[in-house]
Amino acid sequence: MSNFKVAGVDQVTDADFEGEVLKSEVPVLVEFGAEWCGPCRQLGPVLGEISREEADRLKVVQLDVDHNPRTAIAYNVLSVPSLLVFRGGEPVKQMVGARPKRRLLAELAEAEVL
8 MSNFKVAGVD
18 QVTDADFEGE
28 VLKSEVPVLV
38 EFGAEWCGPC
48 RQLGPVLGEI
58 SREEADRLKV
68 VQLDVDHNPR
78 TAIAYNVLSV
88 PSLLVFRGGE
98 PVKQMVGARP
108 KRRLLAELAE
118 AEVL
């Protein structure tokens with residue numbers, strides 16, 4: 008298992024992506040990232056805060072692209088960090104690159120997730 012981990016944010020893998028993300032009852036924000044990615048590390052605390060603050064409305068998870076290439080390829084993830092929002096098993100929004108919490112919350116609101 009990867010060291011790409013943020014407190015309060017669950018890790019998903021190719022093996023459990025369908026159950027944890029596609030079959031989730033609530034919208035899911037997935038960060039596709041990697042251990043070696045500096046912007047991914049910058050985004051970590053933001054994701055941890057959003058995960059705690061919005062736990063009743065949004066599930067936040069991370070997927071390490073180096074250890075789980077099948078899912079990254081399936082969703083055409085070419086850059087890390089990439090953020091995909093899934094609702095009802097379908098991707099409804101994609102964002103690339105680290106961003107401050109306020110901007111990420113605004114983008115999630117625009118996608119009608121929050």
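At position 75 of the sequence shown (counting the first as 1) the number is 82 in my numbering, and the numbers step up by one without a gap.
For each residue, glycine too, the CB sits at the ideal point set by N, CA and C.
*Return the chain-ordered list of same chain residues with a C-beta closer than 6 Å to the C-beta of Q101, the five sequence neighbours on each side being excluded.*
L91
*Is the number of C-beta pairs between the stretch 25–36 and the stretch 57–75 that are closer than 8 Å three or more?*
yes
*Expressed to the nearest angstrom, what Euclidean distance is found between the alpha-carbon atoms of V19 and N83?*
Here the alpha carbon of V19 sits roughly 17 Å from the alpha carbon of N83.
_Range covered by the beta strand (DSSP E) that runs through L70_ = DSSP places L70 inside the beta strand (DSSP E), whose first and last residues are 66–71.
*asked:* In the DSSP output, what is Q49 paired with across the bridge?
replied: Partner(s): none; Q49 has no beta bridge.
*Can you tell me the Cα-Cα spacing of E56 and L115, whole angstroms?*
14 Å
*Status (buried if at least 16 other CB within 10 Å, exposed otherwise) for S86*: exposed
*Would you check if the distance between the CB atom of V99 and the CB atom of S58 is smaller than 8 Å?*
No, these two residues do not count as a Cβ contact at 8 Å.
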